[in-house]
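Residue numbers (our numbering): 46 to 237.
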Amino acid sequence: PETIAAASLEGIREQNRLSAFAARFVAVVTSEQTRAGLFTARKTMIMPGMVRYEVDLGKLTQKDVAWDATAQTLTVTLPPIETSRPEIDMSAVREYDGGGLLMALTDAEKTLDAANRTRAWEELQKQAQQPPMMKLARDATRRAVERSFAMPLKAAGFNAKVSVRFGDEPRPTGEQMDRSRSLEEIFGNRTD
Numbered sequence: 046p047e048t049i050a051a052a053s054l055e056g057i058r059e060q061n062r063l064s065a066f067a068a069r070f071v072a073v074v075t076s077e078q079t080r081a082g083l084f085t086a087r088k089t090m091i092m093p094g095m096v097r098y099e100v101d102l103g104k105l106t107q108k109d110v111a112w113d114a115t116a117q118t119l120t121v122t123l124p125p126i127e128t129s130r131p132e133i134d135m136s137a138v139r140e141y142d143g144g145g146l147l148m149a150l151t152d153a154e155k156t157l158d159a160a161n162r163t164r165a166w167e168e169l170q171k172q173a174q175q176p177p178m179m180k181l182a183r184d185a186t187r188r189a190v191e192r193s194f195a196m197p198l199k200a201a202g203f204n205a206k207v208s209v210r211f212g213d214e215p216r217p218t219g220e221q222m223d224r225s226r227s228l229e230e231i232f233g234n235r236t237d
């Protein structure tokens, strides 16, 4: 099992980045500007964006993969999930404005557009970081990595369980994992 896990680790590291989950969000933001206390301009932007949740598999090392022969369990510890920059669907961006005179006579429209773009990006990133979304991303990534390690073990005739966790997740309370030697301890830093 250790040899198969080491080969699986090398194969998964070659993928570099794994994106097992993506979500679409919509930010709705409004900016307002008043000048001379008389003229007000307001602009609302509706900006949809797609965010991918990724894990940098290139950061995995042999010490992140441990085989427990007694429990017949391979434990893989992944680096934290990262969110990509929102990919904006420019054809779906909508803008609504009010205060035509102020926008026609000044640079208010440019200022409001810049403020809305910045706030919309921040809102999309904030939505992507919400705990329910991060949980969905972790679960999808966990399943993908479990399959990547379990399939070769099963093909070789091992009835092993693969447990995937993230390094930034707390361990479940009351569960003390018996971690045997890591693959790095078993094989050392061999380059062959």
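Beta carbons: idealized from backbone N, C-alpha and C, even for Gly.
Query, Result
"Excluding sequence positions up to five away, which residues of its chain have a Cβ less than 6 angstroms from the Cβ of K206?", "T118"
"Would you mind giving the Cβ-Cβ distance between A72 and L181, rounded to the nearest angstrom? I have them listed as a contact below 8 angstroms.", "About 19 angstroms; that fails the 8 angstroms criterion."
"State the beta-bridge partners of V100 as determined by DSSP.", "L63"
"When we look at the beta-carbon of Q221 and count the other beta-carbons within 10 Å, is it buried (16 or more) or exposed?", "Annotation note: pLDDT 46 at Q221 (below 50); position unreliable, coordinate value reported separately. By the neighbour-count rule (16 or more Cβ atoms within 10 Å), Q221 is not buried but exposed."
"Thinking C-alpha only, which one of M196, T122, T163 is nearest P131?", "T163"
"Within 10 Å of its beta-carbon, does R187 have 16 or more other beta-carbons around it, so buried, or fewer, so exposed?", "buried"
"Of all Cβ atoms in chain C, is any one closer than 8 angstroms to the Cβ of A205?", "No chain C appears in this structure, which consists of one protein chain only."
"How would you write the range of the alpha helix (DSSP H) that S208 sits in, first residue to last?", "First-last for S208: 206 to 211, but that is the beta strand (DSSP E), not the alpha helix (DSSP H)."
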